[in-house]
Amino acid sequence: MTNMTEYVVRFLVGGVVVSAFAMLGDLLRPKSFAGLFGAAPSVALVTLGIAIYQHGVGYAAVQTRSMMAGAVALAVYCVIVCHLLVRARMRASLATTLAFAVWLTVAFGLQALVGTT
Amino acid sequence: MTPIHLSFSSLRDSRWYEFAIRFALGGAVTAFTGLASDRYGASIGGLFLAVPAIFCASATLIETHEIRRKHEAGLRGTRRGQQAAALDASGAALGALGLLAFAAAFFLLVETSVMVAFVSASLAWLSVSVTAWYAWRRTRACPERRQCN
């Protein structure tokens with residue numbers, strides 16, 4: 001698979017899988033339960049599948065080890081967004097964008113702490 | 118406690134370009150994760166398997182839908198939109214615990230069997246997320262209890 005073809009495949013398959021999870025989340029109620037699908041492993045399923053096909057299981061194992069740090073950062077990020085929306089009364093677009101700095105800090109901080117880079 | 122059910126009204130509320138945005142964003146994040154892994158290694162790329170890009174789009178769309186509904190009823194709806202997005206964020210925080218379980222299960226099992234790793238990790242995500250959600254609903258652990266029904 002050439003590099004360009006690979007990225008086109010990633011884009012198309014990723015788009016379909018993410019849209020499917022997002023649509024399922026749209027359909028479910030109550031809203032807090034639907035929110036679980038905001039953290040569905042949609043990108044991970046596609047990326048890990050391609051990683052195993054191209055590089056083998058060892059490469060995918062390294063990715064999932066780092067993904068644990070990303071998931072902890074995501075939990076912290078979501079709590080911060082919730083507080084920004086409820087307490088600071090920010091709009092969703094602003095709150096989710098500002099809190100992205102928190103995700104980056106926690107994710108890369110944990111990564112550095114565990115020493116997997 | 119409101120039972121879990123399906124509601125098709127949100128699909129009727131959605132515009133075609135909102136589906137297109139989510140498709141494009143999902144595809145872009147997946148492509149970017151591959152690019153990050155290729156350029157900076159699997160370790161850095163792996164972090165982006167849990168990047169909140171999809172959640173950003175979902176929360177913004179949920180807020181927009183709530184505001185649009187309230188506008189149609191002659192109200193501003195800004196506060197209602199923020200509360201709806203906050204509920205989504207609460208759920209996503211619990212889903213992130215499930216994502217952690219997904220990564221841990223996949224990491225432990227992938228060298229044994231790829232198929233078992235994918236199935237077990239997906240089940241781990243679902244069971245941990247749903248269990249965490251039920252526990253949260255029972256304890257009402259949200260900072261603004263009245264807004265988390």
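Chains as they are written, first to last, in the working numbering: chain A, 1 to 117; chain B, 118 to 266. Backbone N, C-alpha and C fix where the C-beta goes; we use that ideal spot for every residue, glycine too.
In this structure, the alpha-carbon of A:VAL76 lies about 8 Å from that of A:VAL106. Between A:THR105 and chain B, the shortest Cβ-Cβ separation is not below 7 Å.
With a contact defined as Cβ atoms closer than 8 Å, B:THR147 and A:GLY14 qualify at about 2 Å. Taking A:VAL46 as the centre and dropping the five residues before and after it, the same chain places the C-beta of VAL13, GLY14 and VAL17 closer than 6 Å to its C-beta, in chain order.
Proximity of chain A to B:THR248 at the Cβ level (cut-off 7 Å) is not reached, the minimal Cβ distance being about 11 Å. Between A:CYS82 and B:ALA203, the gap from beta carbon to beta carbon is short of 7 Å. Judged by their CB atoms, A:PHE100 and B:GLY144 are not nearer to each other than the 7 Å cut-off. Put simply, the segment 207-221 of chain B touches the segment 26-45 of chain A. At least three CB pairs are less than 8 Å apart. For B:THR177, the chain A residues whose Cβ falls inside 8 Å of its Cβ are ALA92, SER93 and THR96, in order along the chain.
In this structure, B:LYS187 places its C-beta atom within 7 Å of the C-beta atom of B:ARG197. Just so you know, the alpha carbons of B:ARG129 and A:ASP26 end up roughly 11 Å apart. With distances taken between CA atoms, A:LEU48 lies nearest to A:THR64 out of A:THR64, A:MET90, A:PHE33 and A:PHE37. Within the DSSP bridge table, the entry for B:HIS122 names A:ARG29 as partners. A straight line joining the alpha-carbon of A:GLY35 with that of B:ILE179 spans about 10 Å. Residues of chain A with a Cβ closer than 8 Å to the Cβ of B:TRP242 are, in chain order, ALA40 and PRO41.
Here DSSP, grouped into helix, strand and coil, assigns A:GLY56 to coil.
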